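In the numbering used here, the protein residues as written are 3 to 298. Positions of the beta carbon are idealized from the N, C-alpha and C atoms, including for glycine. Remember, it's a predicted structure, so these values are computed and weren't measured experimentally. Scroll down for the structure; my scribbles are underneath it.
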């Protein structure tokens with residue numbers, strides 16, 4: 003677990019994927035300063051290489067400098083999109099492993115979560131900097147708690163697809179499409195005895211089915227101790243309908259496993275994107291009355 007932040011610490015905001023204008027980060031900068039933190043914007047903020055925030059080497063260099071700078075106590079991804087996987091192999095984590103710091107983001111940042119969790123370093127799955135203006139107060143509050151080390155727990159209403167049970171284990175996962183894309187690479191998650199979180203956005207329903215079946219056929223659902231399903235947002239269908247929505251697809255593929263499964267956790271590509279400690283120990287308790295998720 004990296005050291006939790008204290009007032010006076012400095013947070014760097016960098017772009018690991020899609021380009022982002024500096025002025026769009028003003029709400030995020032104001033938020034951190036309001037918490038008594040200092041803010042440094044990376045060299046990638048405002049850079050542009052077609053869709054990306056600069057060339058791969060520029061994004062990697064910016065991230066590396068922030069990792070190796072001892073005055074930076076956390077690194078916050080400015081935006082998602084696509085591109086982090088293009089720079090991950092350019093990074094050297096030697097110093098970072100000796101002096102870890104919090105890496106924060108979601109969606110495309112799943113590459114970083116998975117890669118760093120493999121190195122036994124915890125990360126924060128939470129809002130990216132550009133999403134501060136539209137994030138719910140609950141999402142922002144959970145982000146603050148994660149940064150400053152306050153205890154995080156969630157109580158959720160029951161869901162028809164939930165599967166009852168209780169399990170404790172390390173939390174891993176993130177965006178399903180990204181998890182699917184890094185399978186077989188050095189960044190692939192180790193699913194054994196873990197609790198896995200999954201969310202996704204803007205995918206065709208049959209793509210969700212294909213990716214979930216791939217995880218199933220690779221034996222990952224046999225290995226995990228529990229599953230948390232977050233937002234499955236803005237899904238698309240073909241002219242001939244697939245016949246099931248995203249949650250039905252997930253429920254159908256996972257229902258045979260005798261593990262607790264929680265649906266509709268408020269995290270992912272939604273305004274109420276609550277923070278999760280990836281690589282942290284979490285207890286998932288699913289009952290007929292609802293679900294409790296608490297970090298130990």
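Near residue i, which residues of its chain fall below 6 Å by C-beta distance, leaving aside the five closest residues on each side in sequence?
| i | result |
| --- | --- |
| residue 213 | 178, 182 |
| residue 211 | 251 |
| residue 294 | 157, 287 |
| residue 85 | 19, 54 |
| residue 134 | 29, 30, 33 |
| residue 79 | 18, 107, 111, 130 |
| residue 104 | 4, 76, 126 |
| residue 267 | 230, 232 |
| residue 149 | 7 |
What residue from the options has the CA that sits closest to residue i's CA?
| i | options | result |
| --- | --- | --- |
| residue 81 | 53, 140, 251 | 53 |
| residue 274 | 130, 255, 247, 195 | 130 |
| residue 119 | 252, 67, 282, 72 | 282 |
| residue 193 | 85, 135, 204, 176 | 176 |
| residue 300 | 198, 209, 202 | The displayed coordinates of the chain run from 3 to 298. Any statement about residue 300 would go beyond what the structure contains. |
| residue 186 | 168, 220, 88, 157 | 220 |
| residue 161 | 253, 91, 47, 145 | 253 |
| residue 235 | 271, 89, 168 | 271 |
| residue 203 | 217, 225, 184, 238 | 238 |
| residue 189 | 92, 14, 218 | 92 |
| residue 42 | 22, 36, 16 | 16 |
| residue 279 | 259, 246, 171, 90 | 171 |
| residue 217 | 263, 191, 242, 71 | 191 |
| residue 260 | 56, 269, 45, 226 | 226 |
| residue 296 | 168, 257, 241 | 168 |
| residue 205 | 147, 90, 101, 240 | 240 |
In angstroms, rounded to a whole number, what distance separates the CA positions of residue i and residue j?
| i | j | result |
| --- | --- | --- |
| residue 4 | residue 207 | 37 Å |
| residue 201 | residue 83 | 14 Å |
| residue 66 | residue 38 | 25 Å |
| residue 166 | residue 10 | 43 Å |
| residue 255 | residue 290 | 21 Å |
| residue 73 | residue 40 | 10 Å |
| residue 196 | residue 298 | 14 Å |
| residue 62 | residue 68 | 10 Å |
| residue 209 | residue 8 | 42 Å |
| residue 58 | residue 88 | 6 Å |
| residue 159 | residue 152 | 23 Å |
| residue 64 | residue 48 | 13 Å |
| residue 124 | residue 35 | 24 Å |
| residue 99 | residue 117 | 12 Å |
| residue 247 | residue 13 | 39 Å |
| residue 50 | residue 60 | 10 Å |
| residue 174 | residue 109 | 13 Å |
The beta strand (DSSP E) with residue i in it runs from where to where?
| i | result |
| --- | --- |
| residue 283 | 283 to 288 |
| residue 59 | First-last for residue 59: 58 to 70, but that is the alpha helix (DSSP H), not the beta strand (DSSP E). |
| residue 294 | 292 to 297 |
| residue 9 | Here residue 9 belongs to no beta strand (DSSP E), and DSSP marks it neither H nor E. |
| residue 228 | 228 to 235 |
| residue 203 | 196 to 203 |
| residue 76 | 74 to 79 |
Grab the span of the alpha helix (DSSP H) containing residue i for me, first residue to last.
| i | result |
| --- | --- |
| residue 213 | 207 to 219 |
| residue 39 | Here residue 39 belongs to no alpha helix (DSSP H), and DSSP marks it neither H nor E. |
| residue 178 | 178 to 183 |
| residue 255 | 248 to 256 |
Cutting at 7 Å between CB atoms, please list the residues of its own chain near residue i, excluding the five before and the five after it.
| i | result |
| --- | --- |
| residue 163 | 249, 253, 265 |
| residue 95 | 121 |
| residue 26 | 132 |
| residue 276 | 140, 141, 144, 156, 268, 269 |
Would a check of beta-carbon distances place residue i closer than 9 Å to chain C?
| i | result |
| --- | --- |
| residue 16 | No chain C appears in the structure shown, which is made up of a single protein chain. |
What residues in its chain sit with their C-beta under 8 Å from that of residue i, if we drop five residues either side in the sequence?
| i | result |
| --- | --- |
| residue 97 | 69, 70 |
Quick one: does the C-beta of residue i sit closer than 8 Å to a heavy atom of the ligand NAD?
| i | result |
| --- | --- |
| residue 270 | The model depicted lacks the ligand NAD and carries no ligand whatsoever. |
Inset, instruction - Can you check the stretch 101 to 168 for any alpha helix (DSSP H) of at least 4 residues that lies completely inside it and give the ranges in chain order? - result: Counting only runs of 4 or more, we get 112 to 120, 139 to 150.
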